[in-house]
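Taken in sequence, the protein lines are chains A, B, C and D.
Heads up, the first sequence is in this note's numbering, so the first residue is 1 and it goes up one at a time.
Heads up, the second sequence is in this note's numbering, so the first residue is 1 and it goes up one at a time.
Heads up, the third sequence is in this note's numbering, so the first residue is 1 and it goes up one at a time.
Heads up, the fourth sequence is in this note's numbering, so the first residue is 1 and it goes up one at a time.
The C-beta atom is built at its ideal place from N, Cα and C for all residues, glycine as well.
Given the structure is predicted, the values throughout are model-derived calculations rather than measurements.
4 protein chains.
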Amino acid sequence: MKTDPTAAPDCTGPRRGRPRSEAAEQAIFAAVEELMAAGAGLAELTIEGIATAAGVGKATIYRRWSNKEALLVDMVSRLEEPLPAPTGTFRGDLIAMIEYMRQRGLAKRSRWVLKAALFQVHSSPELHAAYRERVIVPRRQAARELIRRGVAEGELRGDLDEEILGDLLIGPILTRSILWDGSDLDDPRLPVTMVDALLQGLAGPAAKARG
Amino acid sequence: MKTDPTAAPDCTGPRRGRPRSEAAEQAIFAAVEELMAAGAGLAELTIEGIATAAGVGKATIYRRWSNKEALLVDMVSRLEEPLPAPTGTFRGDLIAMIEYMRQRGLAKRSRWVLKAALFQVHSSPELHAAYRERVIVPRRQAARELIRRGVAEGELRGDLDEEILGDLLIGPILTRSILWDGSDLDDPRLPVTMVDALLQGLAGPAAKARG
Amino acid sequence: MKTDPTAAPDCTGPRRGRPRSEAAEQAIFAAVEELMAAGAGLAELTIEGIATAAGVGKATIYRRWSNKEALLVDMVSRLEEPLPAPTGTFRGDLIAMIEYMRQRGLAKRSRWVLKAALFQVHSSPELHAAYRERVIVPRRQAARELIRRGVAEGELRGDLDEEILGDLLIGPILTRSILWDGSDLDDPRLPVTMVDALLQGLAGPAAKARG
Amino acid sequence: MKTDPTAAPDCTGPRRGRPRSEAAEQAIFAAVEELMAAGAGLAELTIEGIATAAGVGKATIYRRWSNKEALLVDMVSRLEEPLPAPTGTFRGDLIAMIEYMRQRGLAKRSRWVLKAALFQVHSSPELHAAYRERVIVPRRQAARELIRRGVAEGELRGDLDEEILGDLLIGPILTRSILWDGSDLDDPRLPVTMVDALLQGLAGPAAKARG
DNA sequence: GCATAAACGAGACGGTACGTCAGGTCTTTAA
DNA sequence: TTAAAGACCTGACGTACCGTCTCGTTTATGC
Chain A
1 MKTDPTAAPD
11 CTGPRRGRPR
21 SEAAEQAIFA
31 AVEELMAAGA
41 GLAELTIEGI
51 ATAAGVGKAT
61 IYRRWSNKEA
71 LLVDMVSRLE
81 EPLPAPTGTF
91 RGDLIAMIEY
101 MRQRGLAKRS
111 RWVLKAALFQ
121 VHSSPELHAA
131 YRERVIVPRR
141 QAARELIRRG
151 VAEGELRGDL
161 DEEILGDLLI
171 GPILTRSILW
181 DGSDLDDPRL
191 PVTMVDALLQ
201 GLAGPAAKAR
211 G
Chain B
1 MKTDPTAAPD
11 CTGPRRGRPR
21 SEAAEQAIFA
31 AVEELMAAGA
41 GLAELTIEGI
51 ATAAGVGKAT
61 IYRRWSNKEA
71 LLVDMVSRLE
81 EPLPAPTGTF
91 RGDLIAMIEY
101 MRQRGLAKRS
111 RWVLKAALFQ
121 VHSSPELHAA
131 YRERVIVPRR
141 QAARELIRRG
151 VAEGELRGDL
161 DEEILGDLLI
171 GPILTRSILW
181 DGSDLDDPRL
191 PVTMVDALLQ
201 GLAGPAAKAR
211 G
Chain C
1 MKTDPTAAPD
11 CTGPRRGRPR
21 SEAAEQAIFA
31 AVEELMAAGA
41 GLAELTIEGI
51 ATAAGVGKAT
61 IYRRWSNKEA
71 LLVDMVSRLE
81 EPLPAPTGTF
91 RGDLIAMIEY
101 MRQRGLAKRS
111 RWVLKAALFQ
121 VHSSPELHAA
131 YRERVIVPRR
141 QAARELIRRG
151 VAEGELRGDL
161 DEEILGDLLI
171 GPILTRSILW
181 DGSDLDDPRL
191 PVTMVDALLQ
201 GLAGPAAKAR
211 G
Chain D
1 MKTDPTAAPD
11 CTGPRRGRPR
21 SEAAEQAIFA
31 AVEELMAAGA
41 GLAELTIEGI
51 ATAAGVGKAT
61 IYRRWSNKEA
71 LLVDMVSRLE
81 EPLPAPTGTF
91 RGDLIAMIEY
101 MRQRGLAKRS
111 RWVLKAALFQ
121 VHSSPELHAA
131 YRERVIVPRR
141 QAARELIRRG
151 VAEGELRGDL
161 DEEILGDLLI
171 GPILTRSILW
181 DGSDLDDPRL
191 PVTMVDALLQ
201 GLAGPAAKAR
211 G
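Right under this line is the structure:
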């Protein structure tokens, strides 16, 4: 998401001019966090306010991100922790992935502005695409591989589209952690409950008797 | 969501002065739709621009909604069609509800800015609450009643929390229609596929043999 | 110098919308004078400072003048008092004109920033032309007519170009009042001395004896 | 006007480190001239632009002049040619001095920005004083000496203040060459005409008959 | 030679002001 | 009273320069 043009990877020659200050960058991130903690809404998160709180010139911010949204997306994407290591049985890995998402949702509940920033992403097609590429795609890719493994191992039904399988398994926890306010994520047994219910099916006795 | 104080229901006396122009209201809605169609981002949707496009004074807008967000939430909530009639078997009603959400997702795919407006709601706690009350709560209520009926009729397992059952059934289609870009909603058989898969369970042959 | 586009003279129809505030305009002028009195240099005279001191929004200034220079030229040109009434003998009128310029120079000595603003005019060709048309041309015209009258009445030599006559008569006082710091304008007899010396000639006894 | 602190005269020891680049200095001057020739206004003459055009770092400029005004005053003062040699008769010297000022005015007509820079000097008291000391004072001194000689030789009236005599003789050409746009300096006979008119007096037949 | 020292180009730094834009309010005249 | 128009104050926007400060490099002197 960084828009710094000098960050091009092929720029291997000796950098000229004074290098960017890492301290300034940290101060900017700290200021955003601090302003969020102070309960600022997204509209109150102005570049000018951030610059003042960070003790930094506005140009120092614009040199790194082309606008406020880019800064927010960058910050949000940095908050995403790495995915859990894909070791163990299929069911265990599936539960671990859902537990990871539950934890993430719990973390975001405390700083709702970050969640707001995440939604802000949807305001602009470019930011949406950037966020998609940086955050969503890698996670969907991990989920898809896990599901493919499950099908190959016979742990998942093979007669369904992989995408549908993915949504059926991931959609519920995603809804709880992103769309709603996160108050339903407290139960640590949630992943196990969800996974087992999905695997076994939701049909009740009447349905089973019938079919 | 209307914030017009004169719309109070106890204002029964004969209204004095010039009455509000219905044409102005329609012009405002039309202008917003037109600006959205023109591909404007959410930030480009300014009150000033809407007023100019509608040929309306800014005060005429502020007389009806207290600010831009209120206008957007009002417009979004008007786009929600009524829920489908709850008639038929449990499975049929469940499929109908998911089909309704699929249709809504398809409609919103064409006007993504409205979807963006929906996300914009999350920027402010008050708007979030208002949208929750106006849109989310009635739909969750309908879903909850449907699920309760399913459990009572033995069509759904009775050993699971109703909320979890709700998320397992609704979460996947919600994810597809709101969080993602809607390109996966084209298949009209999607509701049937999803519902049957959920009811029967996702476990594959290896899992079934084991347990 | 006003750059207000709505000030077009043919705009005779009933003006719509809120009219410009005369109070705001006066507050702007007062703020400029006050900041000058506080000893501000020209570079310290910022639009932002003027707006703050006047308790006025920046847009209110930009609605009236397109930039700082236009505002200054407008202010300077308003400070020019009307020319003295052209009554009396030729010599008396000439002395009156020079006395008028001496007074103007004395006034400007106390507010040197206004003098600086006058020079600022020369920074831009457009402003230079505007100032020329608004201030210089009318005064040169008055001087030219006076000189023409003097020639016609036989009070001035008729063998010289009118422009040269004008510069010979006006240049000295102009130099003292504009180019230099005005410390040489205190003597109230200066106009009489100058005029009589110019009319009689500066040649000394040796020159007269020779020619 | 050079503000280089290391140029202090008591710094007699052998300078250490890399010496200042004469090429850089010339490039700076050339860049200023070039930017002026491109029709830039004074406000467009930025240090940053000069540095870029000269292919020079900003610090290289600030090492030599403390700010933009100092650079401009330095450049302007370098453009002043030496005064003409004071040889010959009084009238001849006077005409030579006025001819010198006419030539200077003609030269400046073509590069009005330099003239503007000259006026810019008036924006700041310190620069005004500096320019006064570097440029104005020597010339006024030369004029004063010439006038004093004229009085002593009987070529000029002795009953007038020397300062007034100076302004009467110099003011007209100064007005034409600095205040106005220089279009009235083309006639090479101008100095002779002016000097003779001033010496002989401007009174016409009616005035002479009367007194 | 080889350190010391200063100037060099580049460009980032904290600031200030620019001129624009929008927000939400207020003040006109007209309907 | 509402409407359209548009001016009002406020405050953020993103840009341009200011004058200062690192960077790594270059070019001189002095040990």
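Chain order gives the chain C residues near D:Pro205 as Gly154, where near means a beta carbon separation below 8 Å. For the pair of segments examined, the stretch 139-146 of chain A was found not to touch the stretch 183-198 of chain B: the number of CB pairs separated by less than 8 Å stays below three. Contact annotation: in the stretch 166-185 of chain C, residues whose CB is within less than 8 Å of a CB in chain D are Asp167, Leu168, Leu169, Ile170, Gly171, Pro172, Ile173, Leu174, Thr175, Arg176, Ile178, Leu179 and Asp184. The C-alpha of C:Ile98 is placed about 14 Å away from the C-alpha of C:Thr87. Contact of B:Gln26 with chain A by beta-carbon distance below 7 Å is absent, the smallest such distance being about 26 Å. For B:Arg157, the nearest CB of chain A lies under 7 Å from its own CB, placing it at the interface with that chain.
CA-CA distance, B:Leu156 to A:Leu168, rounds to 17 Å.
Per the coordinates, the alpha-carbon of B:Thr52 lies some 21 Å from the alpha-carbon of B:Val73.
According to DSSP, residue pairing for D:Leu156 in a beta bridge involves C:Ala203. Excluding residues up to 5 positions away in sequence, Val195 lie with their Cβ nearer than 6 Å to the Cβ of B:Leu94 in the same chain.
Residue state for A:Pro84 is assigned as coil, using DSSP reduced to three classes. The criterion of a C-beta distance shorter than 7 Å is not satisfied by D:Ile50 and D:Ala70. Here the alpha carbons of B:Gly166 and B:Ala27 stand approximately 40 Å from one another. Residues of the same chain with their beta carbon placed closer than 6 Å to that of A:Ile164 are lacking, with the five preceding and five following residues left out of the count. When 7 Å is used as the limit between beta carbons, D:Gly49 is near no residue of chain C, the shortest such separation being about 16 Å. Against chain C, a Cβ distance below 9 Å from D:Val151 picks out Gly204. Interface annotation, A:Gln200: in contact with chain B, CB-CB separation under 7 Å. Listed along the chain, the chain A residues whose CB falls inside 7 Å of the CB of B:Glu163 are Asp184. Chain D places no beta carbon closer than 7 Å to that of C:Ala40, leaving this residue out of the contacts.
Secondary structure note for D:Gly39: it is in no alpha helix (DSSP H), with a DSSP letter that is neither H nor E. Check the Cα spacing between B:Gln103 and each of B:Leu83, B:Gly92 and B:Phe90: the tightest is with B:Leu83. For A:Leu71, the nearest beta carbon of chain B is not closer than 7 Å to its own beta carbon. Under a criterion of Cβ atoms nearer than 9 Å, the residues of chain D adjacent to C:Thr193 are, in order, Leu160, Asp161 and Ile164. Assignment of A:Arg78 by DSSP, reduced to helix, strand and coil, places it in the helix class.
Residue range Glu162 to Leu174 is occupied by the alpha helix (DSSP H) that includes C:Gly171.
The C-beta distance from C:Gly171 to D:Thr175 rounds to 4 Å, short enough to fall under 8 Å. Annotation for A:Ile173: Ile98, Met101, Arg102 and Met194 place their beta carbon closer than 7 Å to its own, counting only its chain and skipping 5 residues before and after. A:Ala197 has a beta carbon lying within less than 7 Å of a beta carbon in chain B. DSSP places C:Gly49 inside the alpha helix (DSSP H), whose first and last residues are Ile47 to Ala54.
The shortest CA-to-CA distance from D:Arg78 to any of D:Gly17, D:Leu199, D:Phe29 and D:Lys68 is the one to D:Phe29. Taking B:Ala96 as the centre and dropping the five residues before and after it, the same chain places the C-beta of Pro84 closer than 7 Å to its C-beta, in chain order.
The residues Lys58, Ile61 and Lys68, in chain order, have a CB closer than 7 Å to that of B:Ile47 in the same chain once the five nearest residues on each side in sequence are set aside. Note on B:Val137: under 16 other CB atoms within 10 angstroms of its CB, so exposed under the neighbour-count rule.
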